[in-house]
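A short write-up of the structure that comes next.
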Amino acid sequence: MPPRTTDSTPERPDDDRAPSTAPEPCAGDDAPTPPPAGEGKAEGKEENGDKAEADSGQRVVAVRRAADGGRRWRALHLTGCAVLLAVAVTGGAIAVGGGQDRGAGVDAVSAAGALSPGDLARGDLDAGIASLQKHLRAQPKDFGSWATLGVAYVEQARTKGDPSRYPQAQRALKRSLGLEPGNDQALAGQAALAAARHDFPGALTHADRALKQNPYNERALCTRIDALVELGRYDDAAKAADTADDRRPGIPVFTRYAYVRELRGDVRTAREVLERALSSAHAPADVAYVATALGQLAWNQGEYKTALDHYARALAADDAYLPALEGRARAQAASGERTAAVRGLEQVVARFPLPGPLVALGELYEDRGADGDRAKAGDQYALVDAWTALARAGGANTDLETALAAADHGDEKEALRAARAEWDRRHSVHTADALAWALHVNGRDEEALPYARRATATGYRNAVFLYHRGVIERATGDERGARSHLKAALDLNPGFSPLGAREARTVLKDLEGNR
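Take the sequence shown: its letter number 169 is residue 199 in the numbering used here, and every next letter is one higher.
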């Protein structure tokens, strides 16, 4: 968990509370002392056999999905890419302690050999996992360390795009609960795992169970906010953020509080909260995390120089922090530094081929239009299919990612199927936008318009949402609305997407010519 903060409490109007910065309880206060209980064996031996079989199956799925991506004339090349993707995603998970050990995780191990959640968050994740596995070989009845290991796998899946870690996390958390039924650490870990797999109702249920056991469990408090946000329950999310701030003020809560405010259009408060959080951050992981959040907020407002400054600070703290590397490349692209942006995204996807940077790189290739760039772009879009197949094999729901990528760069009918399925599960602004756009690309603009309006109804300042709404309004004959929203998108963030921004300018020019 992050370090506690000690700066003064910001002013709070009676009807609009900002998070406090009162000292939080010491890291690990929500962790019960693990007494010997039950029986178990170390994770490493159990998982090697499981992983070998799973890796093989995932590679097959990835190859099939990439090869079926409508580009069979380059099947050999795409198959090679998909195999490389599978190796990149699963390779580090095969051997116990296989990650590079830079020492921090080992240094964080307590005298008893166990690793606390707070220490794990501040140390090297791979090394910390290796240390936990070593400890659990010696102390297999330590239910608290099993819970921490499960959460560490979830974090590794999130930060490294490694969905093969989800089944491992599930087994570790199940082991913890078998040793100590109802312990809040494992229940909170199950909530985090469910959220990572996009099972947000499940995440909310597990978080509530953990909080019933321990109302001050920081992870459960934060995951509860995340689940409510992703379910589109923004009023409830705001109340949950207030509750979390009262009980466990700290960087994880502050960043979530800021995002809830941003979703409601209150960018000023979001920025102030994040700046306070950054001023309280000391551990490199915390600095990188909060500075990247500030960079994303600035980029959303079209403030590219400010965004680049924040990303630079994040990378000074952790030069390998993936979200900062991706964010910097996007800001460089929007600033006209296309060569640096392409190079940066190429480095990102070479390490962690996730859908967001894959699509962004593909669009930069398309926009550049040099010899071979169309084929390069196609490779990136095909690998999105491979990633979603691997994620599904790890138990994750990928319908939102599928809908977003397929609507512009794949099968329009598949995009609509996925968007509808996701909307049936949750009603967030992001799923509303995805469904609106999927309906549009399938020629169903009258049906799309209410969802486009819903996506922009909270005040969330998102240029992509505004662009999508403007295009849909034009298709339905509302030229005035189309001009307003396309102009708003370009005024807000003129570099929101290499291809989308270009299309927005073209459509707006046509509309102006028709006046």
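We treat Cβ as the ideally placed atom computed from N, Cα and C, and that holds for glycine.
Are Ala271 and Arg249 close, meaning C-beta to C-beta below 7 Å?
Residue 271 sits at position 241 when you count from the first residue of the sequence shown. Residue 249 sits at position 219 when you count from the first residue of the sequence shown. Not a contact, by the Cβ cut-off of 7 Å.
Nearest candidate by alpha-carbon position, reference Ala307, set Leu465, Asp463, Gln331, Pro279
As a position in the sequence shown, residue 307 is number 277, starting the count at 1. Here the closest residue by C-alpha is Pro279.
Ordered along the chain, which non-local residues of its own chain (more than five positions away) have a Cβ less than 7 Å from that of Ala478?
Here residue 478 refers to the residue found at position 448 when the sequence shown is read from its first residue. Cβ neighbours of Ala478 beyond the five flanking positions: Ala466, Leu469, His470, Ile502.
If we count the other Cβ atoms within 10 Å of its Cβ and call it buried at 16 or more, is Glu542 buried or exposed?
Taking the sequence shown and counting its residues from 1, one reaches residue 542 at position 512. Glu542 comes out exposed.
Using only CA atoms, which one of Asn330, Ala371, Val378 lies nearest to Tyr351?
Position 321 of the sequence shown, counted from the start, is the residue given in the question as residue 351. Ranking Asn330, Ala371, Val378 by Cα distance to Tyr351 puts Val378 first.
Give the straight-line distance between the Cα atoms of Gly191 and Arg510, rounded to the nearest whole angstrom.
By 1-based counting over the sequence shown, the position of residue 191 is 161. By 1-based counting over the sequence shown, the position of residue 510 is 480. Going by the C-alpha atoms only, they are around 42 Å apart.
Cβ pair Tyr481, His439 closer than 7 Å
One-based indexing of the sequence shown puts residue 481 at position 451. One-based indexing of the sequence shown puts residue 439 at position 409. Going by C-beta atoms, Tyr481 is not nearer than 7 Å to His439.
Applying the criterion that 16 or more other CB atoms from any shown protein chain within 10 Å of the CB defines a buried residue, is Pro231 buried or exposed?
To locate residue 231, count along the sequence shown from 1; it is residue 201. Its Cβ having fewer than 16 others within 10 Å, Pro231 is exposed.
Check Asn544 in the structure and name its three-state DSSP category.
Locating residue 544 in the sequence shown gives position 514, counting from the first residue. Three-state DSSP puts Asn544 in coil, outside helix and strand.
Can you list the alpha helix (DSSP H) stretches of 4 or more residues lying completely in the region 466-515, in chain order?
475-485, 493-505
Contact belief for Gly158 with Ala182 at Cβ below 8 Å, rounded distance in angstroms
To locate residue 158, count along the sequence shown from 1; it is residue 128. To locate residue 182, count along the sequence shown from 1; it is residue 152. Their Cβ separation, rounded to whole angstroms, is 6 Å, which keeps Gly158 and Ala182 in contact under 8 Å.
Sub-7 Å separation of Thr253 and Ala222 beta-carbons
For this step, residue 253 is matched to residue 223 along the sequence shown. For this step, residue 222 is matched to residue 192 along the sequence shown. Contact flag set, yes.
Buried or exposed for Thr536, going by 16 or more other Cβ atoms inside 10 Å?
Translated into positions along the sequence shown, residue 536 becomes position 506. Burial call: exposed.
Assuming Ala531 contacts Leu520 under a Cβ cut-off of 8 Å, what Cβ separation, rounded to an integer in Å, is found between them?
On the sequence shown, position 501 is the one that residue 531 refers to. On the sequence shown, position 490 is the one that residue 520 refers to. Confirmed, Cβ separation roughly 7 Å.
If you measure between the beta carbons of Ala267 and Ile281, is that distance less than 7 Å?
The count along the sequence shown starts at 1 and reaches residue 267 at position 237. The count along the sequence shown starts at 1 and reaches residue 281 at position 251. Going by C-beta atoms, Ala267 is not nearer than 7 Å to Ile281.
Terminal residues of the continuous alpha helix (DSSP H) containing His228?
Your numbering for residue 228 matches position 198 in the sequence shown. Segment: none, His228 is in no alpha helix (DSSP H) and carries neither H nor E.
Does the structure place the region 202-222 close enough to the region 238-247 that three or more beta carbon pairs sit under 8 Å?
yes
Ala505 and Asp475 - do their beta-carbons sit closer together than 7 Å?
Position 445 of the sequence shown, counting from 1, holds the residue named residue 475. Position 475 of the sequence shown, counting from 1, holds the residue named residue 505. Against a cut-off of 7 Å, the Cβ pair of Ala505 and Asp475 comes out as a contact.
For Thr369, name the three-state secondary structure that DSSP assigns.
By 1-based counting over the sequence shown, the position of residue 369 is 339. Thr369: helix per DSSP, three-state reduction.
Lys171 in three-state terms, based on DSSP
Your numbering for residue 171 matches position 141 in the sequence shown. In this structure, Lys171 counts as coil in the three-state DSSP scheme.
Just confirm the distance between the C-beta atoms of Ala344 and Thr322, as a whole number of angstroms; I'd bet it's less than 8 Å.
Your numbering for residue 344 matches position 314 in the sequence shown. Your numbering for residue 322 matches position 292 in the sequence shown. About 5 Å; that satisfies the 8 Å criterion.
Please state whether the Cβ-Cβ distance between Tyr497 and Ala534 is less than 7 Å.
Here the question's residue 497 lines up with position 467 in the sequence shown. Here the question's residue 534 lines up with position 504 in the sequence shown. In this structure, Ala534 lies closer than 7 Å to Tyr497 by Cβ.
Expressed to the nearest angstrom, what Euclidean distance is found between the alpha-carbon atoms of Glu442 and Thr418?
As a first step, residue 442 is located in the sequence shown; it is residue number 412 there, counting from the start. As a first step, residue 418 is located in the sequence shown; it is residue number 388 there, counting from the start. Distance between the alpha carbons of Glu442 and Thr418 is about 16 Å.
Give a yes or no on whether the minimum CB-CB distance between Leu234 and chain D is below 7 Å.
Looking for chain D here will not work: only one protein chain is present.
Through-space distance from Leu304 to Ala337, alpha-carbon basis
Translated into positions along the sequence shown, residue 337 becomes position 307. Translated into positions along the sequence shown, residue 304 becomes position 274. Computed Cα separation, rounded: 13 Å.
Using the beta-carbon count (16 or more within 10 Å), is Ser309 buried or exposed?
Translated into the one-based positions of the sequence shown, residue 309 becomes position 279. Answer is exposed; the Cβ neighbour count stays below 16.
N- and C-terminal bounds of the alpha helix (DSSP H) containing Asn330:
Mapped onto the sequence shown, residue 330 falls at position 300. Residues 314-330.
C-alpha distance - Ala224 paired with Leu203, whole-angstrom precision
Stepping through the sequence shown from its first residue, residue 224 is reached at position 194. Stepping through the sequence shown from its first residue, residue 203 is reached at position 173. Approximately 12 Å, taken between the alpha carbons.
Write down every uninterrupted run of the alpha helix (DSSP H) in the region 358-434 whose length is 4 residues or greater and which is fully enclosed by it, in chain order.
368-381, 385-398, 403-423
Roughly how many whole angstroms lie between the Cα atoms of His228 and Arg263?
For the purposes of this step, residue 228 is taken as the residue at position 198 of the sequence shown. For the purposes of this step, residue 263 is taken as the residue at position 233 of the sequence shown. One C-alpha to the other measures close to 15 Å.
Taking the alpha carbon of Glu393 as the point to measure from, which residue in Ala380, Phe382, Leu375, Arg381 has its own alpha carbon closest?
In the sequence shown, counting from the first residue as 1, residue 393 sits at position 363. Closest option to Glu393, Cα to Cα, is Leu375.
Would you tell me roughly how many angstroms separate the C-alpha atoms of Leu547 and Thr461, rounded to the nearest one?
Residue 547 falls outside the range modelled here, since the chain spans only 31 to 545, and no answer is possible.
7 Å Cβ cutoff met for Pro314 and Ala347:
By 1-based counting over the sequence shown, the position of residue 314 is 284. By 1-based counting over the sequence shown, the position of residue 347 is 317. Contact: yes.
Go ahead and label Arg456 buried or exposed: buried means 16 or more other beta carbons lie within 10 angstroms of its beta carbon, across all protein chains shown.
Here residue 456 is taken as the residue at index 426 of the sequence shown, counted from 1. That one is buried.
If you draw a straight line from the C-alpha of Gly16 to the C-alpha of Ala233, how long is it?
This structure gives no information on residue 16, because the portion of the chain shown stretches from 31 to 545.
I'd like to check one pair, Ala435 with Pro387: are the Cβ atoms closer than 7 Å?
Taking the sequence shown and counting its residues from 1, the one referred to as residue 387 is at position 357. Taking the sequence shown and counting its residues from 1, the one referred to as residue 435 is at position 405. Taking 7 Å as the Cβ cut-off, Pro387 and Ala435 do not qualify as a contacting pair.
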